[in-house]
Structure formats: structure tokens, C-alpha cells
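As given, the protein sequences belong to chains A and B, one line each in that order. Each position in the first sequence, counted from 1, maps to that position plus 48 in the numbering used here. Each position in the second sequence, counted from 1, maps to that position plus 15 in the numbering used here. For reference, the structure discussed in these notes is given below.
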Amino acid sequence: MRWLMRLFASLRNASGTGEERGNSGAPVRGSDLENLKRAFQNIHDAEFVEIENERLGKVTLLYIRSLIDIKQLQEFVIAPLQRESGTDLRDIVHAAHLTALDNSEQAETAAFKGAVILHAGGRLWSVSLSSALNRAVEPSKQEAVIHGPQDSFTEQVENNLTLIRRRLAVSSLKSERFLVGGLSHTTVILLYIENLTNPELVRIAREKTAAVHSDAFFDSSHLSQFLEDHIHSVFPQFQQTDRPDAVAAALASGKVVWLVENTPFALIAPITFFDLFQSPEDYIHRWPVASFLRGMRFFAFLFAMVLTPFYVAITMHHYQMVPLDLLFVVLESRSEIPFNPFWEALFMMLVLEILKEASLRMPSKSGQTLGIVGGIVIGQAGVEANITSNLLIIHVAVTAIASFLIPNYLMTNSSKLIQFGLLGLAAWLGLWGITLGLILVLIHLNGLTSLKQPYFAPLTPFYGMDWKDTIVRLPLRWMPRRPAYLKPLDPCRMKSGNSRPEKKG
Amino acid sequence: MRTEERGASGGLWPASLGWLLVNRFQVALYVLFLPDVLIHPYMIWIILLVGVLSHFNLRILSKWLQTEEARLGYEGFVRVLGGRAVRLLAVPAAVVILLESSILTLDYLEVSHHVLFPSVSKLTFLPLLWLASVYLASQGMILTGRFVIIAFIGSLWIMTLFLQFLFPPVADYAMLLPLVPQKWDDNIPYILLTLWAAMAGPQYLAFTGSRFASTSGMFRWLALGNALSVLEYVVFFLAVTLAFGPEYMRKLDYPVVQLVRYIELPFFERLETIVVPFHMIVYIFLDAFFILILRDVLRIATGNAGQAKGFFGLAAVLWLVFIYLFGKYFWASETRHLFWIHFNSWLTGAAYALVPSFLALAALWRKRKRKRS
Numbered sequence: 049m050r051w052l053m054r055l056f057a058s059l060r061n062a063s064g065t066g067e068e069r070g071n072s073g074a075p076v077r078g079s080d081l082e083n084l085k086r087a088f089q090n091i092h093d094a095e096f097v098e099i100e101n102e103r104l105g106k107v108t109l110l111y112i113r114s115l116i117d118i119k120q121l122q123e124f125v126i127a128p129l130q131r132e133s134g135t136d137l138r139d140i141v142h143a144a145h146l147t148a149l150d151n152s153e154q155a156e157t158a159a160f161k162g163a164v165i166l167h168a169g170g171r172l173w174s175v176s177l178s179s180a181l182n183r184a185v186e187p188s189k190q191e192a193v194i195h196g197p198q199d200s201f202t203e204q205v206e207n208n209l210t211l212i213r214r215r216l217a218v219s220s221l222k223s224e225r226f227l228v229g230g231l232s233h234t235t236v237i238l239l240y241i242e243n244l245t246n247p248e249l250v251r252i253a254r255e256k257t258a259a260v261h262s263d264a265f266f267d268s269s270h271l272s273q274f275l276e277d278h279i280h281s282v283f284p285q286f287q288q289t290d291r292p293d294a295v296a297a298a299l300a301s302g303k304v305v306w307l308v309e310n311t312p313f314a315l316i317a318p319i320t321f322f323d324l325f326q327s328p329e330d331y332i333h334r335w336p337v338a339s340f341l342r343g344m345r346f347f348a349f350l351f352a353m354v355l356t357p358f359y360v361a362i363t364m365h366h367y368q369m370v371p372l373d374l375l376f377v378v379l380e381s382r383s384e385i386p387f388n389p390f391w392e393a394l395f396m397m398l399v400l401e402i403l404k405e406a407s408l409r410m411p412s413k414s415g416q417t418l419g420i421v422g423g424i425v426i427g428q429a430g431v432e433a434n435i436t437s438n439l440l441i442i443h444v445a446v447t448a449i450a451s452f453l454i455p456n457y458l459m460t461n462s463s464k465l466i467q468f469g470l471l472g473l474a475a476w477l478g479l480w481g482i483t484l485g486l487i488l489v490l491i492h493l494n495g496l497t498s499l500k501q502p503y504f505a506p507l508t509p510f511y512g513m514d515w516k517d518t519i520v521r522l523p524l525r526w527m528p529r530r531p532a533y534l535k536p537l538d539p540c541r542m543k544s545g546n547s548r549p550e551k552k553g
Numbered sequence: 016m017r018t019e020e021r022g023a024s025g026g027l028w029p030a031s032l033g034w035l036l037v038n039r040f041q042v043a044l045y046v047l048f049l050p051d052v053l054i055h056p057y058m059i060w061i062i063l064l065v066g067v068l069s070h071f072n073l074r075i076l077s078k079w080l081q082t083e084e085a086r087l088g089y090e091g092f093v094r095v096l097g098g099r100a101v102r103l104l105a106v107p108a109a110v111v112i113l114l115e116s117s118i119l120t121l122d123y124l125e126v127s128h129h130v131l132f133p134s135v136s137k138l139t140f141l142p143l144l145w146l147a148s149v150y151l152a153s154q155g156m157i158l159t160g161r162f163v164i165i166a167f168i169g170s171l172w173i174m175t176l177f178l179q180f181l182f183p184p185v186a187d188y189a190m191l192l193p194l195v196p197q198k199w200d201d202n203i204p205y206i207l208l209t210l211w212a213a214m215a216g217p218q219y220l221a222f223t224g225s226r227f228a229s230t231s232g233m234f235r236w237l238a239l240g241n242a243l244s245v246l247e248y249v250v251f252f253l254a255v256t257l258a259f260g261p262e263y264m265r266k267l268d269y270p271v272v273q274l275v276r277y278i279e280l281p282f283f284e285r286l287e288t289i290v291v292p293f294h295m296i297v298y299i300f301l302d303a304f305f306i307l308i309l310r311d312v313l314r315i316a317t318g319n320a321g322q323a324k325g326f327f328g329l330a331a332v333l334w335l336v337f338i339y340l341f342g343k344y345f346w347a348s349e350t351r352h353l354f355w356i357h358f359n360s361w362l363t364g365a366a367y368a369l370v371p372s373f374l375a376l377a378a379l380w381r382k383r384k385r386k387r388s
């Protein structure tokens, strides 16, 4: 019996793929329409309209009124169905997105994505007429640049795709669509450049996306948590950006990108630890300036993690390290504080985090007040009440400012958590403890991967050529090759004939 | 290669990693300790001489690494020595690994205790060092080996602190005389042995042939690592000699560490408080490496060499317990401490001299035997 079933299956395959069958409009069981009607019960804005067509007979329209453009529905569907006649629905409805459906489940999903479902001649069809509920393309708030492109993504995934395609106008830019989330049916578009991106990366990305199982995805960061290799790491393994130029640059270097519906943030992978310190402005500045600023960011990251723990280590364990003149200042500053430096620092760091979190959630005008209350009143009052020392206030303030130099918000938060860990180690074992903590972070980074690629490249494993654009940013002319750790199919970035004058006439 | 490491991202080790591995293996212990032994300025020639001898030994090691047997890993050793001999040799190998890592680790903890926390027991630091090493080792041999790049960068900068002592006004070049000895030190055999032991460590690479993606041009990389070690030893020895002079050096414990105390920055003094913790990165790398080698040795000794998993936990716990007990009962006094350092010189010196030659000769003998048959 099994061979007979296999024969039937091969015959079915030979007669065309599922998609091809769908295009010709697969016959739908009579109960499917009933199923649909049942599914649309108790939805106040679900509408069923029946139109009598001369040739097709009774055509039933099902749609969610709040999701579709009623004007377009009237113009492209209802009016032609009332006026024109033809043997096939495609002869009557001339909409670009007229798609045949296989079953009621597909129809239900399409309806909630803003399509009108048509039931005609025993078949189901969908016409995408979603209402244009989207905001304008605006400058990025998260990754603002003074010079350079000022557009950013919106919540409309198709618009975001347009912004990328305008920058990479090639047929090799491939986009694969996935629907994720049992409830949200979120559209996810996987982007890569064929013949450039390593096919292994595309395969891993495709498999991981297809394997995502959860009810609802409302942001790309939700999706990233299902795609990442190390779920317990404090370090982000995907770069989130709302800048189309950053996404286009990532695609052009051989990376893979996910666009997620209803969020302006795209996901880029694989990334390295060093990628998270890069800003789009680095490629706009002169290279010595860009290199200096990038170096400053790495320094600031280290500063943000280590400065306050270092103060605690010195004042608790290693007074001998402080030169005598400075030691007097430290001792005087701390002379009337009743707590040891650890509790003092922990208290101030927690206050700072509370202030930062509160200012994020407050309206901008209240946020300014909060800044004054927090920064000046609490700080000043804390010193006068002998709860904290002047020196520690300086340390904590410098740490807070340094953390803002890191362009990636997720990385800023990672540095905060590491800082608390190092604070504990500093109080316990002084500089030995801080060093141990830093080594543990380095070991963690050594083993981390992003889309199965080494996260700490080009350091471990070492790729010498990639250092031209890591801590420093050398002239673009000196970077003829794409990052080696991505193992792109086409490693060469600069080829003769890439630019040519436009011919007229 | 073991299955858990086959998936390690970024592939196997390139041959170029060899120079970093050789260098960090060589300088770990003796960079702090060596000037204790080398007192006379003319001993700088002995460093160079031993460096050249080590160079030849590395040539033999690279020959072994280029053989098919080395690249096959365990199966290669069985081909060369036979299954039973490999299992038998695994037992003393485990003891050697445990002893060497104990002496190495306890010596570092001794320095930390001496410089940073004289009132805290040195064994307090041991579980923390172990934890970091086990965390690194849990990533597998490929990633642990790759960590040498971080260990190298994280510790090489220490040498730059000493460069200022090579130039006036701190350096007194008269201290370098006599560069040609009028009378050789009576202790020359021990000094030679210690220096040879200071160049030891790369013998462990003999067991990692299967982890290298390619071994072509291997000798060049190994020789580079060796040359850098010689340079480091010379810089440290010269800095200490020029700053302290041979007479005062004799009276000091860890003159390299003592010298750092003289560096002053506008914000900080007593930089040994930073230097000693940073040197820990090399020890964590080495200890992780030893735990992984111990794991492999335990698998072989128990007849489970074909297993891709297991024995890691046992190796890690055995390592900790052994070092703890060793530190508690055999490392307590200064005399014992010196005895074990001396013992380590013999142990590692002998291992470095014998392991590459033995394996290379065994492979050669097998090759000839096969040709004849």
C-alpha cells in the first residue's frame, strides 16, 4: 500500500507545486465558507457582502472594515463585480494582489492582514487592500547623525523594504517572507544578497526563522531572542537598527537582515562585539577623526564598567596605590562617610539607574526636572548629609556619561550589569577581583557566537585584514575586501567597472 | 577531532597560532621567577644559548606535528606506540600534568598572596582561578587555544612597563659588567637547567596536532614564538640587572615584581598591584589547557579514548582537589616551595627535551618499518 501512496504523491508533485496550484485557484470545500463565517462571528467590524455577478453568480466578500481601504474596495472590487462580466474572477477584478487561496485558514490570516476575501465559483481569493495606516519616514531618533542620510524605517515592512531596495537596486538582493506567531501572524522578511552572502549563513538564518514557534511577535527583539545562539548572554547577538543605510551596508558586506512587521527595527546578523561600537557617522567623518571617536567609544565602554569598581578597590584594598597628595584628598572626602566604599558606591549606582529609568519613562519636560532633582538635589544633598563623597559622585557621573558614548543601547545596558558584578568583586578582592571579572567577560566573549559565527572576531579567531575597520577606521580605499569572518562568496569589494557614466539617447 | 569541537565557529587553529602558544607556554612561570636564578650579567649569553637549543628542539617538534600520526590524534599515537603503551603512558602523563599545573598555579598564587593580600590564605584564590579556568576549558580545546590571543595581548603589555629601565637615568650600564666571566658560577648546571625549563611548555603542542588546520610552515611560527620568549627574558633580565645590580638582586624575592614598584604615574603608584592580577590571564589559559589535556589523558587511561564526551567534570574536580591538597600539605613552607620549583625545572625540562624527540623518532621508526615491510 505504501508504494501506491508514494506513487500518488509523486503524481501530485508532478502536476505542479502547491503555489502553482494555488494560482489556478484550488477548489474549496463548501464547508470552508461556513468555517470562515463562524470564525468571523462576534467581530463587530467583520463584514459579509454578497454581490450578484452576471456570469460568476453569487460572490461573497468577507473583510474586516477597520483594516481595509473602503474607497479602494469600492473602486477595484465592488464596482467591477457589479458592472463587468467574465468567466474568471481575474477578468473582472484587476487588482495587483489578487491571490487564490487553498483553504479557510489562509483566508482567515489574509483577512486579518488587510485583505478582502472573495468566494466565487466555489473558490476562495484574496485581494490585498490594507488601509495605509503608517507614519511618514522620519530621521532616526535612536541613531541620529548630523551628516548623512536622514531617513529611517517605519512600522510598515513593505516601506522598509522599499528604502533598502532603493539603496541596493540589484536583482541579487533576495527577500524571503515568513509568517511567525500563531496569534500575531507577523510578517518577517529575510534579506540577503545572493552570490555574495555565504550560503551557509543564509541556510542557518532560514532554518532558525522557520523553527520559531511562539504566539506573538511585536518587535524584532522578541524574534531575536528566538534566533540567538546564547540565550543567557548579556551581550546582544543581533544588531538592531532603524537606519536603512546601516542595513544596506550590512547586506553589502555579506550579512543577513530580518525585517519585522510593525517595528522600525531591523535585525542584522552575524555581528561581532566590535560592530556594536560602530556608528554610521564613522564612514562620514575623515578617517583619523572616525578612528579617534571609535577608540573613544571602546575606552568609554571600559571606563563605564571599571571606573566605580576601581574606586572601590583602591579605597577598600589598595590605598598604597594612591600618591600621597591624592590620598589626602580621598581620605578627606571619605572621612565622614559612615559606610564603606562598597555600600556607598552601590547606593549611588542604584540611585543613578533609578534616575535613568525614570527619565526614560517620563515626558520630556518632566524628564528635565527629574535630571535637576536627581543630579543636583540628590547629589548635593547626599554629600552634605555625609551619605556619599564628592569623589564618588564624580566617578558615578563620569561613568554615566561614558556609558552614553556606546552607540548601541543594548550594549550600554550590558555594561551596566557587568559594572555591578565587578563592583562586588572589587569589594571582595580588590583589583585581583576586577581583573578576574574582566577575564571572565573575555572568556565569555571568546565562546560567544552570532548566527554560529565567532562573536569576538577579528580578535579570536584572528583576521588581520578585518582590523582596518574595527577599533580604527582606515580610509575606505584601503578596504578592498569584505570582512573575512563572514566568509563571503565574493570577498572583493572593489572591482573595476563598478562605476560607469550614464549613456543618454 | 572531537565532535563537540567540530562545531566550534571559526574553524581549527591556523599554523600562525603556534607562535603565541609557544610564547605563552614558555614565559608563564619563569618570567617572574627567572631573575632570581640569573644573577650575573654574563648570564645573558646563557639565555641566548638556551634559546638556540630550544630552537632546535622546536624543529623536532614541528617535524612530529607534520607527520600523519600527529594529525590523527589518539589514533596516530596508537599507530606509533601501540594501544597498550599509550594507555600505560597516560598514567604518568596525568601525574606530570597535575604536578606541573600545581606548581605553576601555586607559584602564581604565592606571588598574589605576597604582593596583594599577605593576610589572606593563598588557597582562597584557588577556587576562583579554577572557576575561570573551568569556564574557559568548557568551551573546548579549539576555543581555549584561541584564547591565547587574548592572553597574549592581556599580558604582553607588562613588558612595555620595563622598557624605561633599559635607558638612563635609571639604567646604570656599569651593572652589566663583566659580560665575559672571569670565573664561572659554581651553580651553572642548575642555571642551565632552569633556563631550559624556562623554554619548556611547547611539548604539550605535540598532543594537539589534530587541532591545527594546517601545519605547513609550522617551524617558522614556533621559532618566532621562541625568539619572542628569549627577547622577553632578555628584556626582563636586563631591566632588573640595570636597575638593581647583581648584588642587590640576590637579596630580593621576585625582583621583576619589585621593580614595578618603582614606576610612578600621576594618579597611581605601586603598579605591581595591577601587573600581578593581569598576569593571571596567562595562568587561566594554561590551567584550562591542562584541564583539557588531563581530560583526554583520563579518557585514554580508562580505555574511553573514542568517547566524544565525558571525563571533563572528573578532570576539573581532580585538578582542583589535587592542587588544593598539594598546596595544603606540600607547599606550606618556603623551603618546600623552592624544592618544588627546582623539581618543576627537572620535570618540565626533561619533558621538553624528551617528548618531541621521542615522538618524532617513534614516527620515523614506524615509517621505516612500514617501508621495509
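All residues carry an ideal CB built from backbone N, CA and C; glycine is no exception. Bear in mind that the values here come from a model prediction, so they are computed numbers and not experimental data.
So, helix, strand or coil for residue 46/A, using DSSP?
Because chain A in this structure spans residues 49 to 553, residue 46/A falls outside the shown range and cannot be described.
Counting contacts by CB-CB distance shorter than 8 Å, is residue 85/B in contact with chain A?
no
So, do the segment 363-373 of chain B and the segment 72-83 of chain B have three or more beta carbon pairs nearer to each other than 8 Å?
yes
List the DSSP bridge partners of residue 94/A.
DSSP lists 112/A as partners of residue 94/A.
Span of the alpha helix (DSSP H) around residue 329/B:
327-344
List the whole-angstrom C-beta distance separating residue 202/B from residue 66/B, where the pair is believed to meet the contact cut-off of C-beta under 8 Å.
No, residue 202/B and residue 66/B are not in contact; Cβ-Cβ is about 20 Å, not under 8 Å.
Are there 16 or more other CB atoms within 10 angstroms of the CB of residue 268/B, so buried, or fewer, so exposed?
That one is exposed.
Other residues of its chain near residue 72/A: CB distance less than 8 Å, five sequence neighbours each side excluded
At residue 72/A the pLDDT is 41, less than 50, meaning the model places this residue with poor confidence and gives no usable figure here.
Check whether the Cβ atoms of residue 214/B and residue 57/B sit closer than 8 Å, and answer yes or no.
Not a contact, by the Cβ cut-off of 8 Å.
Please state the DSSP three-state secondary structure of residue 72/A.
Caution is warranted here: a pLDDT of 41 is assigned to residue 72/A, below 50, making its placement in the model unreliable, and the coordinate value is therefore given only provisionally. Looking at residue 72/A - three-state DSSP - the assignment turns out to be coil, as it is neither helix nor strand.
For the beta strand (DSSP E) holding residue 316/A, just list the boundary residues, first then last.
314-317
Between the C-alpha atoms of residue 441/A and residue 109/B, what's the straight-line distance to the nearest angstrom?
53 Å
Along the segment 315-348 of chain A, what residues have a CB closer than 8 Å to any CB found in chain B?
Those residues of the segment 315-348 of chain A that come within reach of chain B (Cβ to Cβ, closer than 8 Å) do not exist; the list is empty.
Of all the residues that make up the segment 482-500 of chain A, which are near chain B by a beta-carbon distance shorter than 7 Å?
483, 484, 487, 488, 490, 491, 494, 495, 497 and 500
Report the option in 200/A, 186/A and 318/A whose CA atom is closest to the CA atom of residue 250/A.
318/A
Check whether the Cβ of residue 250/B sits closer than 7 Å to any heavy atom of the ligand FAD, and report yes or no.
The ligand FAD is absent from the structure shown, which contains no ligand whatsoever.
Rounded to whole angstroms, what is the Cα-Cα separation between residue 443/A and residue 32/B?
40 Å
Three-state secondary structure (DSSP) at residue 220/B?
Looking at residue 220/B - three-state DSSP - the assignment turns out to be helix.
Kindly list the residues whose CB is nearer than 6 Å to the CB of residue 335/B, restricted to its own chain and excluding five residues on each side of it in sequence; keep chain order.
Non-local C-beta neighbours of residue 335/B in its own chain, meaning closer than 6 Å and more than five positions away in sequence, comprise 145, ordered along the chain.
Kindly indicate which residue of 81/B, 62/B, 167/B and 117/B has the alpha-carbon position closest to the one of residue 487/A.
167/B
Looking at C-alpha atoms only, which residue of 361/A, 184/A, 287/A and 86/A is the closest neighbour of residue 389/A?
361/A
8 Å CB neighbourhood of residue 128/B in its chain, flanking five on each side removed
135, 136, 137 and 140
Per the DSSP calculation, residue 167/A is bridged to which residue(s)?
108/A and 172/A
Residue interval of the beta strand (DSSP E) (run including residue 222/A):
The continuous beta strand (DSSP E) containing residue 222/A extends over residues 221-228.
Give the straight-line distance between the Cα atoms of residue 212/A and residue 305/A, rounded to the nearest whole angstrom.
The alpha-carbon atoms of residue 212/A and residue 305/A are separated by roughly 11 Å.
Between which two residues does the alpha helix (DSSP H) holding residue 235/A run?
Premise fails: residue 235/A lies in the beta strand (DSSP E), 234-241, not in any alpha helix (DSSP H).
In or out: residue 408/A buried (at least 16 other Cβ within 10 Å) or exposed?
exposed
Residues in its own chain within less than 8 Å of residue 176/B by CB, not counting five upstream and five downstream?
Correct list, in chain order: 275, 278, 286 and 290.
Beta-carbon proximity of residue 197/A to residue 345/A, cut-off 8 Å:
no
In this structure, does DSSP put residue 148/A in helix, strand or coil?
strand
Would you mind sorting residue 229/B into buried or exposed? The rule is 16 or more other CB atoms within 10 Å of its CB.
Label assigned to residue 229/B: exposed.
If you count every other CB in all the chains shown that lies within 10 Å of the CB of residue 55/B, and 16 or more means buried, which is it?
Classification for residue 55/B: buried.
Using the Cβ count rule (16 or more neighbours within 10 Å means buried), how would you classify residue 119/A?
exposed
If you check the beta carbons only, do residue 30/B and residue 233/B fall under 8 Å apart?
yes
Output yes or no for whether 8 Å exceeds the beta carbon distance between residue 116/A and residue 181/A.
no
Would DSSP call residue 153/B helix, strand or coil?
coil
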